Amino acid sequence: MEGGQDRSRSALHQLAVILVAAVSTVASGMSLGFSAIALPELLRADSPDHLDIDEASWFASVASIATPLGCLLCGPLLDRFGRRVALLALNVPFTLGWLTLAFTPSPVSTPVLYLGRILTGLGTGMASIPACVYIAEVSDQSLRGMLVTWPSIGISAGILVVYILGAFLKDNWRLVAGLSAAFPILTAVSTLVLLPESPLWLLSKGRDRDTELRAVPGPQEALQAGRQLGKLRALTLPQAWKPLFVLNGYFFFQQFSGIYVVVYYAVDIILQAGVSMDEYVVTVLLGVVQLVAGIGVSFALTRCGRRPMSLLSGVGMTVCMMGLAVYLQLVPNGSQAALSNRELSSIPLGLLLAYVVAGAIGFHTLPWAMLGEMYPPLVKGLAGGLTTCLAYLFSFAALKIYPYLLMLLGGDAVNPKTSTSEGVFYFYGVTSLLATAFVLLFLTETHRKSLQQIEQEFLERPLTRSVALWCGDYGTSAELCRN
């Protein structure tokens with residue numbers, strides 16, 4: 019009886035500590051979603067803060083230029099100074115960036131505007147690794163599948179918060195930025211007061227007897243893995259370069275399948291898709307659906323494998339984007355049929371919502387969750403920094419080219435309500451199909467495996483994963499989702 023109570027207290031303590039770490043990603047989500055609610059006002063022709071198409075594309079994407087720098091900076095911070103220091107440091111650029119945006123002069127100064135976005139992008143990069151690594155290191159193996167998704171849930175929560183602020187303060191993006199500055203400040207205080215250092219990091223520094231090793235009821239398998247991974251310092255080893263290739267490929271397809279384009283350009287995407295509801299209300303609806311789906315995924319991952327969920331996600335995104343493209347080809351945006359038939363106009367809304375759900379169960383959530391699982395402990399900082407650096411370079415490219423890709427494929431970035439946009443949705447549909455093929459060939463299953471077992475698999479098995487090998491080793495999707 020007493021042992022059961024101790025285990026319950028241990029689990030609750032673990033969950034509380036991990037929740038504090040995951041909250042650090044809320045500010046990242048707010049930064050990701052900010053351009054969606056600010057761009058409509060900045061693009062308005064009679065606005066004193068008017069930006070042209072090129073300036074607007076820079077406003078949306080410039081944060082992603084600084085994000086890789088934050089990723090690279092975060093790696094050494096994680097390895098040298100620890101997970102707790104990294105979780106504290108990331109709040110500094112977030113706070114400075116939001117305050118810079120809040121106090122941007124009017125008429126708008128584009129250098130100041132870009133500086134604010136660059137600072138929040140730097141914070142996003144610094145926040146991209148620590149929570150994932152910390153959670154993977156302090157969580158029990160039985161809970162890890164659920165807990166490693168919490169940083170992604172934090173990002174979804176941040177996106178939803180900024181969408182809600184945008185819906186209530188449509189023309190006042192400066193006030194939204196000012197309110198957003200409160201979140202990193204509160205996160206820093208909670209981290210400083212409540213968060214102990216990762217036991218695995220302390221062990222890697224030879225601090226076996228540090229009292230903080232007992233502050234978090236961390237998994238014994240992680241401590242044992244740390245002892246056996248002490249000599250893994252080179253990215254050229256199979257345990258490092260194989261997951262590096264797999265995760266970098268996963269992130270590439272995440273960005274070019276349109277997931278973050280929908281987040282950054284949400285209002286414009288909604289208009290281009292022919293949705294008849296108020297676009298700001300729909301952004302909030304998309305944010306709610308993404309958050310709820312992310313929470314559902316966190317529970318599903320305690321029972322289901324990463325591979326089947328990733329495959330389901332890729333297939334779902336492909337169907338939704340292709341379906342939206344076909345719909346817009348048959349019922350052009352702004353046509354009489356689309357305007358007069360309420361049932362018909364609900365189709366693009368349903369497809370967008372389904373796309374967000376499909377992304378949330380795999381491509382939006384799982385790459386970040388697997389960052390903390392797939393790399394050996396002593397290269398997590400460096401390898402994780404390189405991966406997130408490349409992920410946000412991919413993000414910058416996808417966001418920067420979006421307006422030009424839209425125009426190249428027949429759309430109109432200035433007048434989305436009346437443009438023909440099926441070409442860009444076909445593009446994201448094809449990319450989602452290729453992403454599904456990549457997952458089928460290369461993604462290694464980590465479900466129900468210790469960190470040591472995952473490393474051993476990368477050491478012993480070939481890089482490509484055939485369907486036959488997958489079914490033989492891990493069973494079918496139904497078996498992976500059994501109790």
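Okay, so the sequence shown: first residue is 19 according to our numbering, each after it adds one. Ideal placement from N, C-alpha and C gives every residue a C-beta, glycine not left out. Everything numeric in this text was worked out from a predicted model, so none of it was measured.
- Per the C-alpha coordinates, the member of P58, C322, Y446 and V44 positioned closest to L187 is P58.
- Given a length threshold of 4 residues, each whole run of the alpha helix (DSSP H) inside the segment 261 to 330 is given here in chain order: 277 to 282, 284 to 290 and 297 to 318.
- Counting along the chain, I55 sits inside the alpha helix (DSSP H) bounded by residues V44 to L61.
- If only complete runs of 4 or more residues are kept, the segment 113 to 174 shows the alpha helix (DSSP H) at 128 to 145, 148 to 156 and 159 to 165, in order along the chain.
- Cβ neighbours of L309 within its own chain (closer than 6 Å, five residues either side excluded): S174, A175 and L178.
- DSSP, reduced to helix, strand and coil, places F381 outside both helices and strands of the structure shown, so it counts as coil.
- In the DSSP annotation of this structure, the continuous segment of the alpha helix (DSSP H) that includes V211 starts and ends at A200 to L212.
- Inter-segment contact for the segment 412 to 423 and the segment 273 to 282 is present: three or more beta-carbon pairs are separated by less than 8 Å.
- Cβ-Cβ distances below 6 Å link A40 to A149, W168, P169 and G172 in the same chain, with the five nearest sequence neighbours on each side left out; the list follows chain order.
- DSSP places G441 in the uninterrupted alpha helix (DSSP H) bounded by E440 to F460.
- For the pair F269 and P385, the CB atoms are nearer than the 7 Å cut-off.
- Residue range I71 to S79 is occupied by the alpha helix (DSSP H) that includes E73.
- In the three-state DSSP reduction, E215 falls in the coil class, being neither helix nor strand.
- Rounded to the nearest whole angstrom, the C-alpha separation of D158 and Q272 is 28 Å.
- Per DSSP, the unbroken alpha helix (DSSP H) holding R101 starts and ends at R101 to A107.
- Considering only G323, Q347 and A409, the residue with the shortest C-alpha distance to L427 is Q347.
- In this structure, the straight-line span from the alpha carbon of F445 to that of G88 is close to 30 Å.
- The beta carbon of V151 sits closer than 8 Å to those of L96, R101, S216, L389, G390, K398, G399 and G402, all from its chain and outside the five residues before and after it, given in chain order.
- Under the three-pair Cβ rule at 8 Å, the segment 465 to 476 does not count as touching the segment 289 to 303.
- Cβ neighbours of G334 within its own chain (closer than 6 Å, five residues either side excluded): A376.
- Collapsing the DSSP output to three states places P350 in coil.
- Per DSSP, reduced to three states, the secondary structure at L477 is helical.
- A distance below 6 Å between beta-carbons, with the five flanking residues on each side excluded, links L117 to the following residues of its chain, in chain order: A199.
- Looking only at W76, L165, K260 and V110, the smallest Cα-Cα distance to L459 is reached by K260.
- Exclusion of the five residues before and after I36 leaves Y152, I153, V156, S157, L165 and W168 as the residues of its chain whose Cβ lies within less than 8 Å of its Cβ.
- Distance from the CA of S450 to the CA of M327, rounded to the nearest whole angstrom, comes to 14 Å.
- A straight line joining the alpha-carbon of Q290 with that of G314 spans about 29 Å.
- If you ignore the 5 residues before and after A56, its C-beta comes within less than 7 Å of the C-beta of W191, all in its own chain and listed in chain order.
- In the three-state reduction of the DSSP assignment, L37 falls in the helix class, which pools H, G and I.
- Taking a C-beta distance under 7 Å as the contact criterion, M340 and G447 qualify as a contact pair.
- Shortest Cα-Cα distance from F414 to any of S75, S82, M48 and A74 involves S82.
- The alpha-carbon separation between F317 and V38 amounts to approximately 19 Å.
- L187 sits in coil when the DSSP states are folded into three classes, being neither helix nor strand.
- Shortest Cα-Cα distance from G184 to any of F412, G267 and A284 involves A284.
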